[in-house]
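*Asks:* Got a structure for you, written out below as structure tokens; questions coming shortly.
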Amino acid sequence: MIFCYIDESGTRDIPGNTSHYVLAGLSIPVSKWKQCEMEVQRVKAKYYLNDTEIHTGWMLWPILEQSKIEDFETLDQATRKYEVEKYRKSELLRLQTAKTQKQYHKTKKNYRHTRDDIHLTLDERKQFVLEIAKLIGSWSFCRLFAECVDKTHFKPAIAKLSVDEQAFEH
């Protein structure tokens, strides 16, 4: 039996707010799943990300608040987290005006998606992603696959499938 993790990027809507829809998957034999999980957990623990889901796109995004905190890189991780959370609270309070509601909600969403990573510098987050990628790349028994649909050239009438169905079929 094979365990398969599938995730997508982009929207299935045409035109939607993305030009591409990507469906990616990782298949692992069930007999190896526990081993893989333990190896990933070891890397996550090294970066104090034990109970977090890995969102590579958000992890590789610069956290601008960190650049506004003096000597951020030299602080211990608990202080880093405290300082970023303090800055974020003040920024959300500042944005809570009628004129900035759209910016307030966008900022709040960005903060929510990066909440688990604020104790790591951008270089540390890059290193974490690289370690996870190398780890998965070392698993000769697993398969990584993906399908990318360029929605600017996708013709639903010809395909007779939705974008996500087309990607899944391929």
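Just so it is clear: in the sequence shown, position 165 is 378 by this note's numbering, and no numbers are missing.
Positions of the beta carbon are idealized from the N, C-alpha and C atoms, including for glycine.
Taking only runs that begin and end inside the stretch 302-363, name each unbroken alpha helix (DSSP H) of 4 or more residues, in chain order.
*Replies:* Those alpha helix (DSSP H) runs which fall completely within the stretch 302-363 and span 4+ residues are 314-327 and 335-350.
*Asks:* Of all the options C217, R301, D289 and R338, which has the alpha carbon lying nearest to the alpha carbon of V256?
*Replies:* Residue mapping note: residue 256 aligns to position 43 of the sequence shown, counting from 1. Checked all of C217, R301, D289 and R338; the closest Cα to V256 is R338.
*Asks:* Got a sec? Which residues, its chain only, sit under 7 angstroms from C361 by beta carbon, not counting five neighbours each side?
*Replies:* Here residue 361 corresponds to residue number 148 of the sequence shown, with the count starting at 1. H233 and V235, listed in sequence order.
*Asks:* Please classify I276: does DSSP put it in a helix, a strand, or coil?
*Replies:* By one-based count along the sequence shown, residue 276 stands at place 63. In the structure shown, I276 sits in coil (DSSP, three-state: anything other than H, G, I, E or B).
*Asks:* Leaving out five residues before and five after W271 in sequence, what residues of the same chain have Cβ atoms less than 6 angstroms from its Cβ?
*Replies:* Taking the sequence shown and counting its residues from 1, one reaches residue 271 at position 58. H326 and T327, listed in sequence order.
*Asks:* One question on the structure: do R297 and Q279 come within less than 9 angstroms of each other, judged by their Cβ atoms?
*Replies:* One-based indexing of the sequence shown puts residue 297 at position 84. One-based indexing of the sequence shown puts residue 279 at position 66. Checking the sequence, you will find Val at residue 297 rather than Arg. Yes.
*Asks:* For F341, count neighbouring Cβ atoms within 10 angstroms of its own Cβ and tell me buried if that reaches 16, exposed if not.
*Replies:* Here residue 341 refers to the residue found at position 128 when the sequence shown is read from its first residue. That one is buried.
*Asks:* Of all the options K302, E344 and K312, which has the alpha carbon lying nearest to the alpha carbon of Q254?
*Replies:* Position 41 of the sequence shown holds residue 254. The shortest C-alpha separation from Q254 is found at E344.
*Asks:* What number of angstroms, rounded off, separates the C-alpha of K319 from the C-alpha of Q309?
*Replies:* In the sequence shown, residue 319 corresponds to position 106, counting from 1. In the sequence shown, residue 309 corresponds to position 96, counting from 1. Approximately 12 angstroms, taken between the alpha carbons.
*Asks:* Once you ignore the five residues that flank Y300 on each side, which residues in its own chain have a CB closer than 8 angstroms to its CB?
*Replies:* By one-based count along the sequence shown, residue 300 stands at place 87. The answer, listed in chain order, is E278, K281 and I282.
*Asks:* May I have the straight-line CA-CA distance separating R335 from I371, to the nearest angstrom?
*Replies:* Looking up residue 335 in the sequence shown gives position 122. Looking up residue 371 in the sequence shown gives position 158. Note on residue identity: the sequence assigns Leu, not Arg, to residue 335. If I take the Cα positions, the gap works out to 44 angstroms.
*Asks:* Starting from S222, follow the beta strand (DSSP E) in both directions and report where the run begins and ends.
*Replies:* Taking the sequence shown and counting its residues from 1, the one referred to as residue 222 is at position 9. Counting along the chain, the beta strand (DSSP E) containing S222 begins and ends at I215 to S222.
*Asks:* So, with DSSP's three-state summary, where would you put S244?
*Replies:* As a working note, residue 244 is residue 31 in the sequence shown. Residue state, collapsed to three classes: helix.
*Asks:* Which partner residues of H233 appear in the DSSP bridge assignment?
*Replies:* Along the sequence shown, one-based indexing puts residue 233 at 20. Its beta-bridge partners are D363.
*Asks:* Could you tell me whether the stretch 259-266 touches the stretch 346-359, where touching means 3 or more Cβ pairs closer than 8 angstroms?
*Replies:* The stretch 259-266, when compared against the stretch 346-359, does not touch it at the 8 angstroms Cβ threshold.
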